[in-house]
Every structure is written in C-alpha cells, then in structure tokens.
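Enquirer:
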Amino acid sequence: AQSVAQPEDQVNVAEGNPLTVKCTYSVSGNPYLFWYVQYPNRGLQFLLKYITGDNLVKGSYGFEAEFNKSQTSFHLKKPSALVSDSALYFCAVTILGGGGADGLTFGKGTHLIIQP
Amino acid sequence: KAGVTQTPRYLIKTRGQQVTLSCSPISGHRSVSWYQQTPGQGLQFLFEYFSETQRNKGNFPGRFSGRQFSNSRSEMNVSTLELGDSALYLCASSVVGTAAYEQYFGPGTRLTVT
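Heads up: the protein sequence lines correspond to chains D and X, in order. For the first sequence, our numbering assigns the number 2 to the initial residue and increments by one for each residue that follows. For the second sequence, our numbering assigns the number 2 to the initial residue and increments by one for each residue that follows.
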C-alpha cells in the first residue's frame, strides 16, 4: 500500500523568506509524486510532478520540489514567499498499476501561512 | 479551454436518500477520477473511469458507484446516504489514464447530509 506523510499541519513564513513544505512517501515500486494547492472553496490546482529524471522539479508560481530517493522525500520549496501563496498544500503519490492508472494517495495537507 | 465542471456545487440531502453528482472533464480528457474530501479523513480516492470502464476503485462501500458516458462525462451516485457521507466530492480529469499525467480538478460538489 502507498502512503504519504506531511508532518506539519501548518507552516508559518514571513513574506520574502524561503519556504519549505515537507513530504515523505512510502510505495512499493517507483513513485510518481505530485504537489497540489487548494485555495478556499476551490478545487485542487496542479503545481508540479516528479516522474523520472532530474531530482529537482520546477513548477508553477515559482515553486520547486526535490526528489530524494534515499530519504523517500519530496519537499516543496520556494525561494521567496508571497502572501498570495497562503493556501492548503497537498503532496500525493501513485505508481503505475497493471493496465491503468492508480488513484492518487494524498497526504493530510499542510496549511501554509505567509505573514506580511 | 474550459476546465473541469461539476454540478451541482452544493447539495443538501436527508439520511437514506440517494444522490447523483455530475462531472464534465476538460475537452479531450478521457480519464475521470473521483475523490472524497473530509476534515477527518482528508482526500480519498473513490474510483477512476477511462473509456466508459471503471479501472480502479478505492476502499469505499458499494453504496458509492459511478459511470462514464461516451463523451467522457461522468456521474457518481451515492445510495442510502449516511451522515458520514457529508463531504466535498472532487472530480479530476486527465488526458489519458496513466499515473504519469497530472489530474485537473473541478471545484467540487459540497454534499451535506442531515
């Protein structure tokens, strides 16, 4: 079975500072990893994904994530936080199952609060 | 290109009733997945449809069912509603039904069971 852990319910960062939202995963096989963001009363928006290749993945809105296989982590980062980055962030994992797509397994989510 | 649309956006039902939720994927997307989001359990995968066939199913009781039509639109049905079914139901579409392709989510249907 696959699982995702986001150890922090909430992360507080001052505007302009770098931010990190942590994610660790557990799968049997090669993982496909994703980050999504959810704004209030909205669906999830795709930020970035890791499938294979370069361990540093760049995504939307200046976000990036680093895949670390030995630590089974996929932390989300941004060099300089904006107040508008405040939202709920989800890490998700899946693997390619036999014959089709497996559903995404999501972490519990991390509330990111950027303080002006 | 229009995004994923879900109807209705809000729904109030009584215990024991049944409900049908609708999802229209992005044009050209053939895979539709459904998720349940609750404060306690977070986001949980319900099922995925591709070319009118259910290919994957999460750990939910048989009261939860779905289908997909030839135009890729999908419906989800919950019978004999329970209070615990109150949740935000999210639909997501993908170009093809493989894990390597990102899913695009709709705004969700907020179901309240009283």
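Here a beta-carbon is modelled for each residue, glycine too, at the ideal position from N, C-alpha and C.
Quick check on Val-94 (chain D): buried or exposed, where buried means 16 or more other Cβ atoms within 10 Å of its Cβ?
Expert: The residue you call residue 94 (chain D) lines up with position 93 of the first sequence. The residue is buried, with at least 16 neighbouring Cβ atoms inside 10 Å.
Enquirer: Would you decide whether Gly-29 (chain X) is buried or exposed? Buried here means 16 or more other CB atoms lie within 10 Å of its CB.
Expert: Position 28 of the second sequence holds residue 29 (chain X). Result: exposed.
Enquirer: Specify the secondary structure class of Leu-22 (chain X) as computed by DSSP and reduced to three states.
Expert: Numbered from 1 along the second sequence, position 21 holds the residue referred to as residue 22 (chain X). Looking at Leu-22 (chain X) - three-state DSSP - the assignment turns out to be strand.
Enquirer: If we ignore side chains and look at the alpha-carbon of each, how far apart do Cys-24 (chain D) and Gly-60 (chain D) end up?
Expert: Counting from one through the first sequence, the residue named residue 24 (chain D) turns up at place 23. Counting from one through the first sequence, the residue named residue 60 (chain D) turns up at place 59. C-alpha separation (whole angstroms): 16 Å.
Enquirer: Does the stretch 5 to 19 of chain X come within contact of the stretch 53 to 60 of chain X, defined as at least 3 CB pairs closer than 8 Å?
Expert: As far as the Cβ criterion goes, the stretch 5 to 19 of chain X does not touch the stretch 53 to 60 of chain X, which means the pair count is below three.
Enquirer: Terminal residues of the continuous beta strand (DSSP E) containing Gln-55 (chain X)?
Expert: Locating residue 55 (chain X) in the second sequence gives position 54, where the first residue counts as 1. Run containing Gln-55 (chain X): 54 to 58, per the beta strand (DSSP E) assignment.
Enquirer: Taking the alpha carbon of Glu-9 (chain D) as the reference point, which residue from D:Gly-104, D:Gly-110, D:Lys-78, D:Val-84 has its own alpha carbon closest?
Expert: Locating residue 9 (chain D) in the first sequence gives position 8, where the first residue counts as 1. Considering only alpha carbons, the answer is D:Gly-110.
Enquirer: Count the other CB atoms within 10 Å of the CB of Ser-71 (chain D); is the residue buried (16 or more) or exposed (fewer)?
Expert: What you label residue 71 (chain D) is simply residue 70 of the first sequence in a count that begins at 1. Answer is exposed; the Cβ neighbour count stays below 16.
Enquirer: Under 8 Å, with one C-beta from each stretch per pair, do the stretch 25 to 41 of chain X and the stretch 80 to 99 of chain X reach the 3-pair mark?
Expert: Taking 8 Å as the limit for Cβ pairs, the verdict is that the stretch 80 to 99 of chain X does touch the stretch 25 to 41 of chain X.
Enquirer: Output needed in chain order: residues of the stretch 32 to 56 of chain X with a Cβ under 7 Å from some Cβ in chain D.
Expert: Those would be Ser-32, Ser-34, Gly-43, Leu-44, Phe-46, Glu-49, Phe-51, Arg-56, in chain order.
Enquirer: With a cut-off of 8 Å, do at least 3 Cβ pairs link the stretch 16 to 29 of chain X to the stretch 103 to 115 of chain X?
Expert: Taking 8 Å as the limit for Cβ pairs, the verdict is that the stretch 103 to 115 of chain X does touch the stretch 16 to 29 of chain X.
Enquirer: Inspect the beta-carbon positions of Glu-16 (chain D) and Val-84 (chain D) and report whether they are closer than 7 Å.
Expert: Stepping through the first sequence from its first residue, residue 16 (chain D) is reached at position 15. Stepping through the first sequence from its first residue, residue 84 (chain D) is reached at position 83. Yes, these two residues count as a Cβ contact at 7 Å.
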